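One structure is given below, encoded as structure tokens.
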Amino acid sequence: MSWIENRFEEGVIVTSLDWAINWGRSNSLWPVTFGLACCAIEMMALGASRFDLDRFGAGAFRPTPRQADLMIVAGTVTYKMASRVRRLFNQMGEPKFVIAMGACTVGGGPYFKHGYHVVKGVDLVVPVDVYVPGCPPRPEALLEGIMRLQDRIRHTSRARDPRAAAARAAQLA
Amino acid sequence: MTFEQIASLLRERFAGAVEEVVPQATRPYVTVAAERWPEVARFLRDEPRLKLNFLRCVSSLDLLAEDSLAAVYDLATVPDAEAEEVLSCPHTFAVRVVTDRAAAHIPSVAGVWPAADWHEREAFDLMGIVFDGHPDLRRILCPEDWVGHPLRKDYEFPVEYHGIPGTTEHELNSPRH
Chain H
3 MSWIENRFEE
13 GVIVTSLDWA
23 INWGRSNSLW
33 PVTFGLACCA
43 IEMMALGASR
53 FDLDRFGAGA
63 FRPTPRQADL
73 MIVAGTVTYK
83 MASRVRRLFN
93 QMGEPKFVIA
103 MGACTVGGGP
113 YFKHGYHVVK
123 GVDLVVPVDV
133 YVPGCPPRPE
143 ALLEGIMRLQ
153 DRIRHTSRAR
163 DPRAAAARAA
173 QLA
Chain B
37 MTFEQIASLL
47 RERFAGAVEE
57 VVPQATRPYV
67 TVAAERWPEV
77 ARFLRDEPRL
87 KLNFLRCVSS
97 LDLLAEDSLA
107 AVYDLATVPD
117 AEAEEVLSCP
127 HTFAVRVVTD
137 RAAAHIPSVA
147 GVWPAADWHE
157 REAFDLMGIV
167 FDGHPDLRRI
177 LCPEDWVGHP
187 LRKDYEFPVE
197 YHGIPGTTEH
207 ELNSPRH
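Protein chains in written order, with this note's numbering: chain H, 3 to 175; chain B, 37 to 213.
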């Protein structure tokens with residue numbers, strides 16, 4: 003590697019584009035400040051000093067969806083609220099991610115059978131990347147969900163996925 | 037005054053308006069005819085011996101077997117700190133107003149106890165009782181375009197709402213749950 007050695011000053015990181023972008027994205031997940039029910043209390047606990055979400059770069063809760071790239075749907079989503087959740091999601095800039103936190107957002111939870119007003123899973127309203135079960139989940143569980151989301155972001159690629167391209171071609175043919 | 041004393045006072049004062057006295061219930065109540073309810077309410081609030089000036093709650097009941105709906109008004113006395121004579125004991129009282137299930141109409145008492153305003157809106161939203169003379173009778177919890185009154189016992193869950201499937205359709209079409 004004689005052609006590259008000693009050509010840059012110290013401190014310049016030489017890397018691949020995918021790795022650099024994914025590293026940046028996964029370590030600066032900014033969630034939108036958004037809580038619907040009791041799960042939001044656990045989300046707040048995760049943001050506070052004991053569990054310290056800032057260790058993972060995801061503690062900068064933004065007051066507007068325009069500045070956020072992660073939506074933690076924390077709590078029961080009612081039919082009345084669903085349109086607002088969808089609007090908030092649509093207002094977020096790409097790339098954006100959604101964590102469904104708690105039993106209610108995963109699949110209606112205790113309201114699945116007898117709740118006339120509860121959406122039976124927030125994935126009917128917005129696309130969900132990571133599901134965190136629990137009622138409510140412990141802050142550690144949500145932390146685990148955020149780390150799984152980070153894993154997922156680290157494994158995305160800017161290049162076209164050859165398998166997906168082949169599937170699309172087969173669909174068109 | 038005890039429940040029995042208040043009930044007999046009402047019986048003397050409003051002959052025919054008091055349809056039923058149920059002292060043996062867990063929460064003793066009297067049933068008052070719907071059309072005479074506002075004047076009874078005004079009496080309960082203003083009578084110096086009663087001064088039931090605080091409406092704690094308006095509950096609504098679906099009496100499906102009797103084909104009727106009911107609103108239960110839970111009343112209490114909050115002593116006036118500046119009053120000269122202190123009441124011997126704080127009263128509580130409960131009034132039930134029964135109405136027809138198909139055409140549920142009860143006169144509003146939002147003018148008597150301002151607390152009744154939102155409570156009656158809730159009973160209208162969830163049980164479908166129309167409170168005549170209410171200043172602003174809109175749904176308070178459900179969305180404005182919601183169909184039906186969810187706490188009625190024969191209520192059918194929505195199959196879908198604005199494109200979001202409800203339980204019924206979801207159970208049929210999705211093996212995931």
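Ideal placement from N, C-alpha and C gives every residue a C-beta, glycine not left out.
If you're wondering where the values come from, they're calculated on a predicted model, not measured in any experiment.
*Report the partner residues of residue 104(B) according to the DSSP bridge assignment.*
99(B) and 136(B)
*asked:* Please give me, in chain order, every unbroken run of the beta strand (DSSP E) with length at least 3 that falls completely inside the stretch 25-92 of chain H.
replied: 72-76
*On the premise that residue 186(B) lies in contact with residue 118(H), defined as a C-beta separation below 8 Å, what is that separation, rounded to the nearest angstrom?*
5 Å
*Scan the stretch 121-145 of chain H for residues whose Cβ lies nearer than 7 Å to a Cβ of chain B and list them as they occur along the chain.*
121, 122, 126 and 127
*Taking C-alpha atoms, which residue in 73(B), 89(B) and 113(B) lies nearest to residue 51(B)?*
73(B)
*In its own chain, which residues sit with a C-beta less than 7 Å from the C-beta of residue 53(B), not counting the 5 before and 5 after it?*
68, 69, 72 and 76
*Between the beta-carbon of residue 62(H) and the beta-carbon of residue 56(H), is there less than 9 Å?*
yes
*Is it buried or exposed for residue 65(H), if we count other Cβ within 10 angstroms and need 16 for buried?*
exposed
*Please classify residue 144(B): does DSSP put it in a helix, a strand, or coil?*
coil
*Would you call the CB atoms of residue 2(H) and residue 59(H) closer than 9 Å?*
Residue 2(H) is absent from the model: chain H starts at 3 and stops at 175.
_Pair within 9 Å by beta-carbon distance, residue 135(H) and residue 104(H)_ = yes
*For residue 102(H) and chain B, any beta-carbon pair shorter than 9 Å?*
no
*asked:* Quick check: what's the CA-CA separation for residue 147(H) versus residue 102(B)?
replied: 52 Å
*Mind checking which residues open and close the alpha helix (DSSP H) that includes residue 160(B)?*
152-163
*Return the bridge partner residues of residue 172(H) from the DSSP annotation.*
Answer is none; residue 172(H) lacks a bridge partner.
*List, in order along the chain, the chain B residues whose C-beta lies closer than 9 Å to that of residue 105(H)?*
The premise fails here: residue 105(H) is roughly 12 Å from chain B at the closest Cβ pair, so nothing lies under 9 Å.
*Backbone CA spacing between residue 20(H) and residue 131(H) [nearest angstrom]*: 20 Å
*asked:* Please list, in chain order, the chain H residues whose beta carbon lies closer than 8 Å to that of residue 193(B).
replied: 118
*asked:* If you measure between the beta carbons of residue 76(H) and residue 126(H), is that distance less than 9 Å?
replied: no
*Taking 9 Å as the CB-CB cut-off, is residue 197(B) touching chain H?*
yes
*asked:* Looking at chain A, is there any beta carbon in it that lies within less than 9 Å of the beta carbon of residue 51(H)?
replied: Given the protein chain composition of this structure (H and B), no chain A is represented.
_Please report the straight-line C-alpha distance between residue 30(H) and residue 155(H), rounded to a whole angstrom._
11 Å
*Could you list which residues in chain B have their beta carbon closer than 9 Å to that of residue 172(H), in chain order?*
By Cβ distance, chain B contributes nothing, its closest Cβ being about 25 Å from residue 172(H), past 9 Å.
*Within the present structure, is the beta-carbon of residue 121(H) separated from the nearest heavy atom of the ligand GTP by less than 8 Å?*
You won't find the ligand GTP in this model; it holds no ligand whatsoever.
*Distance, Cα to Cα, residue 196(B) vs residue 183(B)?*
11 Å
*Report the rounded CA-to-CA distance for residue 45(H) versus residue 141(H), giving the unit in angstroms.*
6 Å
*Identity of the residues DSSP links to residue 176(B) by a beta bridge*: None, per the DSSP bridge assignment.
*Contacting positions in the stretch 164-178 of chain B - beta carbon closer than 9 Å to chain H*: 177 and 178
*On the three-pair Cβ rule with 8 Å, is the stretch 86-100 of chain B touching the stretch 149-157 of chain B?*
yes
*Per DSSP, which one or two residues make a beta bridge with residue 110(B)?*
93(B) and 130(B)
*Return the first residue and the last residue of the alpha helix (DSSP H) that residue 76(B) is part of.*
73-82
_Three-state class that DSSP yields for residue 114(H) in the structure shown_ = coil
*Do residue 53(H) and residue 72(H) come within 9 Å of each other at the CB atom, strictly closer than that value?*
no
*Proximal chain B residues relative to residue 84(H), where beta-carbon distance stays under 7 Å*: 200
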